[in-house]
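In the working numbering, the protein residues as written are 515 to 984. In this text, a Cβ means the ideal position worked out from N, Cα and C, and glycines have one as well.
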Ligand code: ADP
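Okay, here's the thing in structure tokens:
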């Protein structure tokens, strides 16, 4: 099990909860700012209304009326709630409401100066000395030479905002809890497919490759991953199967010559004294022959695996392909005669190629050997070398033997594959695999087709770019 704090589920949860909380804080911050602005605007409006009363009263009843209004208004609203001071532009106070609660609140000279300059109401939020609250102050003219300083306690406003903050803190706790829980749930839900893949991967071993991850078919990323994973398992299990088959075949094919070699050695050992030297010599010759077969098989296997791994060392040089085909054909003529096979050829002259001569000859000999081996007596084998068009050269071996069983067409180029019907004929099952590898190493291909009514045609197709046709 991975460390929980390192899991993607945990990281997603943290991200989810983090984003939720930050968004909530931003939303709260905005709301808080707007609310407090609105509240202050409302207070300012109240203060302006009060100033309006003073203006009316001064107009009707003069300064004395304003003096009385200051006391009455403050008493009506609560003397701790609001105060009024009336002063001349010089700063001299000539009337006020009861100021015992507000005595620490001075007259701000800067504000008075600003009012004198701009002649529009000046507002300020100031802390009230000795009290744990702010007050909103307004300075405004209520007649041409009378300034009203009024202040309103902001305790209610502060209470409202602090209540608001408290509610938000509690809600934020819930938001973090809720977003954490839902983030965890969602990420678990989203990653459950991944857990299934991990689980399957853990249960897979060399001997158990049959397990597959469930595919939902939803076509989402995890479904694609599960599908890819399953196809990868298919390929691995096919590979393991073929490796097993190959090792079984190797074991089987090495066993027979080794058993024969052992038999010869044993026979030599139990021979009675006085036996002819020639008998020993013939046993040694048999042993050498079997050993050569073994070595040949092992070498062939090495060539194929090195070529497949891209490690084969092919010496490419210009060679006369027409001559090579002619030479190989001639070599096989006696074999064809032994079986009374009509062995013909049609070889285009002067085709020079850039290739590994011995390797190409080996591939071609395998095709000829097969054709003569599997074609019954009195059959016909024909060799063709021609320009195959499309920048390719074709080297064909045609026979009128039994052809390839359609079920085996896909398999005959696999290492050690031998058709059931060929088991009685000597062979290793490596010839075609080697020929195909060699053709591919030259940038070409090797394929087979059955003929009508019977027989097989093997075509080695080599790309023209590799060749110079004179
Ligand atoms: P081997 O000939 O040693 O068995 P190859 O790899 O050369 O191995 O050939 C693989 C199989 O393909 C043979 O066992 C045989 O069944 C089939 N095959 C190859 N060439 C021919 C052919 N010309 N006609 C019929 N079957 C063939």
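(message) I'd like the ranges of any beta strand (DSSP E) spanning at least 3 consecutive residues and lying wholly in the stretch 597-677.
(response) 607-610, 636-641, 648-657, 660-667
(message) One question on the structure: do residue 625 and residue 653 come within less than 8 angstroms of each other, judged by their Cβ atoms?
(response) Sequence index remark: in the chain shown, residue 625 carries index 111 (1-based). Sequence index remark: in the chain shown, residue 653 carries index 139 (1-based). Yes, the Cβ-Cβ distance between residue 625 and residue 653 is below 8 angstroms.
(request) Would you identify the three-state DSSP class for residue 983, choosing helix, strand or coil? (result) Counting from 1 along the chain shown, the entry for residue 983 is found at position 469. Residue confidence is low: residue 983 scores 48 on pLDDT, short of 50, so the model does not pin down where it sits. No coordinate-derived value is stated.
(message) Which residues does DSSP list as the beta-bridge partners of residue 538?
(response) Position 24 of the chain shown, counting from 1, holds the residue named residue 538. According to DSSP, which records beta bridges pairwise, residue 538 is partnered with nothing at all.
(message) Taking the alpha carbon of residue 801 as the reference point, which residue from 972, 776, 792, 537 has its own alpha carbon closest?
(response) Start at 1 with the first residue of the chain shown, and residue 801 comes out as number 287. Ranking the options by Cα distance to residue 801, first place goes to 776.
(request) Starting from residue 903, trace the beta strand (DSSP E) both ways and give me its first and last residue. (result) As a first step, residue 903 must be located in the chain shown, where it is residue number 389. Its beta strand (DSSP E) spans residues 894-903.
(message) Quick check on this structure: which residue in 649, 896, 661, 949 has the alpha carbon closest to the alpha carbon of residue 565?
(response) In the chain shown, residue 565 corresponds to position 51, counting from 1. With distances taken between Cα atoms, residue 565 lies closest to 661.
(message) the ligand FMN and residue 964: does the residue's C-beta get closer than 7 angstroms to at least one heavy atom of that ligand?
(response) Absence of the ligand FMN is noted for the structure shown, with the ligand ADP being the only ligands found.
(message) Taking the alpha carbon of residue 604 as the reference point, which residue from 635, 658, 611, 641 has its own alpha carbon closest?
(response) As a working note, residue 604 is residue 90 in the chain shown. Among 635, 658, 611, 641, the Cα nearest to that of residue 604 belongs to 658.
(request) Output the distance between the C-alpha atoms of residue 848 and residue 895, rounded to the nearest integer angstrom. (result) For the purposes of this step, residue 848 is taken as the residue at position 334 of the chain shown. For the purposes of this step, residue 895 is taken as the residue at position 381 of the chain shown. One C-alpha to the other measures close to 13 angstroms.
(request) Drop a sphere of 10 angstroms on the beta-carbon of residue 929, count the other beta-carbons inside from all chains shown, and report buried for 16 or more, exposed for fewer. (result) Taking the chain shown and counting its residues from 1, the one referred to as residue 929 is at position 415. When all chains shown are included, residue 929 counts as buried.
(request) Grab the span of the alpha helix (DSSP H) containing residue 801 for me, first residue to last. (result) Within the chain shown, numbered from 1, the residue matching residue 801 stands at position 287. Run containing residue 801: 791-822, per the alpha helix (DSSP H) assignment.
(message) What I want to know is whether the C-beta of residue 806 ends up closer than 7 angstroms to one or more non-hydrogen atoms of the ligand ADP.
(response) By one-based count along the chain shown, residue 806 stands at place 292. No, since every heavy atom of the ligand ADP falls outside the 7 angstroms radius drawn around the Cβ of residue 806.
(message) Among the candidates 902, 845, 869, whose CA atom is the shortest distance from the CA of residue 862?
(response) Within the chain shown, numbered from 1, the residue matching residue 862 stands at position 348. Among 902, 845, 869, the Cα nearest to that of residue 862 belongs to 902.
(request) Evaluate residue 529 with the Cβ neighbour count: other Cβ atoms within 10 Å of its Cβ, from every protein chain shown; 16 or more gives buried, anything less gives exposed. (result) Residue mapping note: residue 529 aligns to position 15 of the chain shown, counting from 1. Exposed is the call here.
(message) Taking the straight line between their C-alpha atoms, what separation do you get for residue 921 and residue 952?
(response) What you label residue 921 is simply residue 407 of the chain shown in a count that begins at 1. What you label residue 952 is simply residue 438 of the chain shown in a count that begins at 1. Cα to Cα, residue 921 sits roughly 25 angstroms from residue 952.
(message) Suppose contacts are defined by Cβ-Cβ distances below 8 angstroms. Is residue 871 in contact with residue 838 by that definition?
(response) Looking up residue 871 in the chain shown gives position 357. Looking up residue 838 in the chain shown gives position 324. Taking 8 angstroms as the Cβ cut-off, residue 871 and residue 838 qualify as a contacting pair.
(message) For a test of your reading of the model: does the CB of residue 932 fall under 7 angstroms from any non-hydrogen atom of the ligand ADP? Yes or no.
(response) Within the chain shown, the letter at position 418 stands for residue 932. For the ligand ADP, at least one heavy atom lies less than 7 angstroms from the Cβ of residue 932.
(request) Please report the Cβ distance between residue 908 and residue 975, rounded to the nearest whole angstrom; I am assuming they are in contact, meaning their Cβ atoms lie under 8 angstroms. (result) In the chain shown, residue 908 corresponds to position 394, counting from 1. In the chain shown, residue 975 corresponds to position 461, counting from 1. Their Cβ separation, rounded to whole angstroms, is 6 angstroms, which keeps residue 908 and residue 975 in contact under 8 angstroms.
(message) Closest to residue 591 by C-alpha separation, out of 525, 532, 665, would be which residue?
(response) Walking along the chain shown from the start, residue 591 turns up at place 77. Nearest of 525, 532, 665 to residue 591, Cα basis: 665.
(message) Looking at the ligand ADP, does it come within less than 7 angstroms of residue 882, judged from the CB to the closest heavy atom?
(response) Along the chain shown, read from residue 1 onward, the residue named residue 882 stands at position 368. It does not: the Cβ of residue 882 is nowhere closer than 7 angstroms to a heavy atom of the ligand ADP.
(message) Using 8 angstroms as the cut-off, can you tell me whether the stretch 574-592 makes contact with the stretch 605-616, which would need three or more C-beta pairs spanning the two stretches below that distance?
(response) yes
(request) Over the uninterrupted alpha helix (DSSP H) stretch that includes residue 742, give me the two end residues. (result) As a first step, residue 742 must be located in the chain shown, where it is residue number 228. 735-784 is the span of the alpha helix (DSSP H), which, as asked, contains residue 742.
(message) The beta strand (DSSP E) that contains residue 868, what's its start and end?
(response) As a working note, residue 868 is residue 354 in the chain shown. Run containing residue 868: 865-869, per the beta strand (DSSP E) assignment.
(request) State yes or no: is the C-beta of residue 914 nearer than 7 angstroms to some heavy atom of the ligand ADP? (result) The residue you call residue 914 lines up with position 400 of the chain shown. Checking the Cβ of residue 914 against the ligand ADP gives no.
(request) Provide the residue span of the beta strand (DSSP E) that contains residue 852, from first to last. (result) The residue given as residue 852 occupies position 338 in the chain shown. That residue, residue 852, is in no beta strand (DSSP E); its alpha helix (DSSP H) goes 835-852.
(message) Please report the distance separating the alpha-carbon of residue 977 from that of residue 713.
(response) By one-based count along the chain shown, residue 977 stands at place 463. By one-based count along the chain shown, residue 713 stands at place 199. When rounded, the distance between both Cα atoms is 48 angstroms.
(request) Determine the closest residue to residue 632 out of 725, 655, 737, 646, with distance taken between C-alpha atoms. (result) Taking the first residue of the chain shown as position 1, residue 632 is located at position 118. The candidate whose alpha carbon is nearest that of residue 632 is 655.
(message) the ligand ADP and residue 842: does any heavy atom of the ligand fall closer than 7 angstroms to the residue's C-beta?
(response) Residue numbering aside, residue 842 sits at position 328 when the chain shown is read from its first letter. Outside the cutoff, so no.
(message) Rounded to whole angstroms, what is the Cα-Cα separation between residue 674 and residue 562?
(response) Start at 1 with the first residue of the chain shown, and residue 674 comes out as number 160. Start at 1 with the first residue of the chain shown, and residue 562 comes out as number 48. Residue 674 and residue 562: Cα-Cα distance of roughly 22 angstroms.
(request) Please find out if some non-hydrogen atom of the ligand ADP comes closer than 7 angstroms to the beta-carbon of residue 903. (result) Your numbering for residue 903 matches position 389 in the chain shown. Answer for residue 903: no, Cβ out of range of the ligand ADP.
(message) Taking the beta carbon of residue 867 as the centre, do at least 16 other beta carbons fall within 10 Å, making it buried, or is it exposed?
(response) Here residue 867 is taken as the residue at index 353 of the chain shown, counted from 1. Result: buried.
(request) Check whether the Cβ atoms of residue 830 and residue 877 lie closer than 8 angstroms to each other. (result) For the purposes of this step, residue 830 is taken as the residue at position 316 of the chain shown. For the purposes of this step, residue 877 is taken as the residue at position 363 of the chain shown. No, they are not a contact pair.
(request) Decide if residue 816 is buried, meaning its Cβ has at least 16 other Cβ atoms within 10 Å, or exposed. (result) Locating residue 816 in the chain shown gives position 302, where the first residue counts as 1. Classification of residue 816: exposed, given that the 10 Å Cβ count is below 16.
(request) Closer than 6 angstroms by C-beta to residue 693: which residues in its own chain qualify, once you throw out the five before and the five after it? Chain order, please. (result) Counting from one through the chain shown, the residue named residue 693 turns up at place 179. Cβ within range, chain order: 530, 531, 534.
(message) Between which two residues does the alpha helix (DSSP H) holding residue 933 run?
(response) Walking along the chain shown from the start, residue 933 turns up at place 419. Note, residue 933: premise wrong, no alpha helix (DSSP H); not H, not E.
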